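Residue numbers (my numbering): 277 to 719. Worksheet: the structure to be examined is printed underneath.
Okay, structure coming up:
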């Protein structure tokens with residue numbers, strides 16, 4: 277079926293003033309001003325009330341943390357104390373509570389206009405060995421694209437790391453499960469709905485050996501690599517004391533300085549570090565909201581991009597955001613980067629680009645992240661009907677400056693997954709009740 281999204285109020289694409297034509301899962305035509313589609317269409321969607329963006333791409337999250345938002349024991353602490361407080365609480369995760377956390381996070385992301393999500397799950401208490409399978413099942417159920425990052429921790433407190441024994445696994449178990457889930461779910465084809473990444477958690481929770489062997493495994497399966505890096509000064513201090521080198525030097529030593537890698541946060545990099553990362557094509561997921569909440573610092577987005585490093589956006593975990601709304605994150609990126617780099621250094625265009633094309637590059641995808649013929653039909657449509665938009669004169673800029681946070685329509689692979697602001701096939705009331713009931717057990 278050929279669907280014409282006709283005459284949008286505005287669209288983030290050149291030469292598509294009269295809309296776009298979708299056939300199957302892909303965009304097949306951009307319709308310029310004064311023109312009609314080149315071939316007959318089967319159906320028309322009136323987009324005259326809508327501002328059309330490429331579907332947003334979230335490159336860092338921890339879905340399970342939706343169960344511990346605004347936790348009274350943690351919400352006023354910086355990263356290391358925050359983690360030490362929450363690790364024992366997260367050890368209570370079981371398959372049922374985890375499934376609800378995943379479902380809720382994915383629904384939130386979809387409703388904000390996100391069409392592709394990467395989740396970094398690294399907490400594996402006993403009984404939750406099938407966490408990756410649960411995430412894949414929930415993403416497929418909702419029809420959202422996903423890169424499931426099979427995270428890991430094998431350096432516990434008794435070995436000099438940060439996490440307790442209750443949430444770590446041994447190296448052999450981790451690597452075996454990475455092989456299992458990559459064999460079962462990793463799809464490298466264009467238009468893939470599910471991909472797997474390998475994601476040792478951080479320098480303070482994994483060993484050098486696990487990092488090296490994970491890099492080898494990623495090469496074998498053609499998977500991406502992901503980890504937290506340079507988030508806080510505490511991490512720098514830990515690496516210097518434990519490994520006798522800085523985090524970026526550790527990354528190089530274990531074979532991660534490659535275009536296959538994207539990093540979460542990347543705050544405490546020097547100018548030379550940014551040059552090195554750019555030269556090797558290492559991506560950075562900028563997490564503005566979480567960085568502000570935990571007072572971790574400012575990402576050098578401009579230096580990184582100038583050096584050639586892909587820069588994407590992520591909401592980060594819902595215990596440090598404490599939301600799963602990527603469109604909110606776009607606005608936060610604008611505000612925080614202007615605060616740190618100056619008003620003329622960053623525009624709304626940059627922030628939307630990070631949340632779409634930049635994020636797609638971080639995930640190693642050239643089939644999503646923009647509105648262009650031949651790319652996947654992943655689209656987020658917003659209206660400007662709310663009071664917050666009254667008086668706005670640039671429809672696309674208004675989404676960022678005036679604080680859009682909920683899409684009216686979301687399309688993934690040519691299928692509507694959000695209609696009239698609501699996720700298709702999801703009972704929001706029942707989800708809120710079930711999730712809230714389970715979350716009460718994590719107080």
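Just so you know, even glycine gets a beta-carbon here, dropped at the ideal spot from N, CA and C. All values derive from a computational prediction rather than experimental measurement.
Relative to the C-alpha of residue i, which residue among the options is closest?
i: residue 717; options: 369, 628, 358; result: 369
i: residue 334; options: 468, 424, 343; result: 424
i: residue 407; options: 456, 361, 625; result: 456
i: residue 306; options: 290, 522, 657, 402; result: 290
i: residue 351; options: 495, 570, 332; result: 570
i: residue 639; options: 606, 433, 588; result: 588
i: residue 545; options: 506, 511, 555, 533; result: 506
i: residue 680; options: 292, 618, 662, 508; result: 662
i: residue 699; options: 684, 504, 689, 713; result: 684
i: residue 567; options: 508, 349, 323, 582; result: 508
i: residue 450; options: 466, 482, 440; result: 482
i: residue 302; options: 286, 448, 337, 468; result: 468
i: residue 555; options: 576, 533, 605; result: 533
i: residue 432; options: 292, 416, 477; result: 477
i: residue 384; options: 593, 653, 620, 649; result: 593
i: residue 439; options: 337, 357, 557; result: 357
i: residue 665; options: 326, 299, 288; result: 326
i: residue 504; options: 535, 518, 434, 562; result: 562
i: residue 528; options: 549, 510, 349; result: 549
i: residue 367; options: 389, 403, 394; result: 403
i: residue 372; options: 300, 405, 279; result: 405
i: residue 415; options: 460, 312, 393, 711; result: 393
i: residue 365; options: 633, 441, 650, 278; result: 441
Around the Cβ of residue i, are there at least 16 other Cβ atoms within 10 angstroms (buried) or fewer (exposed)?
i: residue 391; result: buried
i: residue 709; result: exposed
i: residue 669; result: exposed
i: residue 436; result: exposed
i: residue 635; result: buried
i: residue 523; result: buried
i: residue 615; result: exposed
i: residue 489; result: buried
i: residue 691; result: exposed
i: residue 314; result: exposed
i: residue 605; result: buried
i: residue 331; result: buried
i: residue 491; result: buried
i: residue 362; result: buried
i: residue 695; result: exposed
i: residue 379; result: buried
With C-beta atoms as the reference, is residue i less than 9 Å away from residue j?
i: residue 672; j: residue 628; result: yes
i: residue 344; j: residue 600; result: no
i: residue 316; j: residue 294; result: no
i: residue 603; j: residue 564; result: no
i: residue 328; j: residue 359; result: no
i: residue 419; j: residue 693; result: yes
i: residue 421; j: residue 647; result: no
i: residue 480; j: residue 454; result: no
i: residue 542; j: residue 526; result: no
i: residue 497; j: residue 445; result: no
i: residue 458; j: residue 493; result: yes
i: residue 540; j: residue 502; result: yes
i: residue 686; j: residue 607; result: no
i: residue 579; j: residue 547; result: yes
i: residue 471; j: residue 499; result: yes
i: residue 622; j: residue 631; result: no
i: residue 324; j: residue 284; result: yes
i: residue 653; j: residue 298; result: yes
i: residue 411; j: residue 397; result: yes
i: residue 625; j: residue 387; result: no
i: residue 702; j: residue 376; result: no
Would you identify the three-state DSSP class for residue i, choosing helix, strand or coil?
i: residue 322; result: strand
i: residue 468; result: coil
i: residue 687; result: strand
i: residue 711; result: helix
i: residue 287; result: strand
i: residue 680; result: coil
i: residue 364; result: helix
i: residue 421; result: strand
i: residue 704; result: helix
i: residue 354; result: coil
i: residue 409; result: helix
i: residue 395; result: strand
i: residue 347; result: coil
i: residue 507; result: coil
Let me check you understand the geometry: is the CB of residue i closer than 8 Å to at least one non-hydrogen atom of the ligand FMN?
i: residue 537; result: For the ligand FMN, the structure offers nothing, since it holds no ligand at all.
Problem set entry | 3-residue-minimum beta strand (DSSP E) runs that sit fully inside the region 629-669, ordered along the chain | 655-659
For this session: Counting only runs of 4+ residues fully inside the region 423-463, write out the alpha helix (DSSP H) ranges in chain order.
Result: 447-461
Exercise. Which runs of the alpha helix (DSSP H) fall wholly inside the region 512-576 and span at least 4 residues, in chain order?
Worked result: 523-529, 547-556, 564-569
Problem set entry | Sequence ranges, alpha helix (DSSP H) only - wholly within the region 593-633, length at least 4 | 602-617, 624-629
Problem set entry | Every unbroken alpha helix (DSSP H) within the region 471-502, with a cutoff of 4 residues, ordered by chain | 484-497
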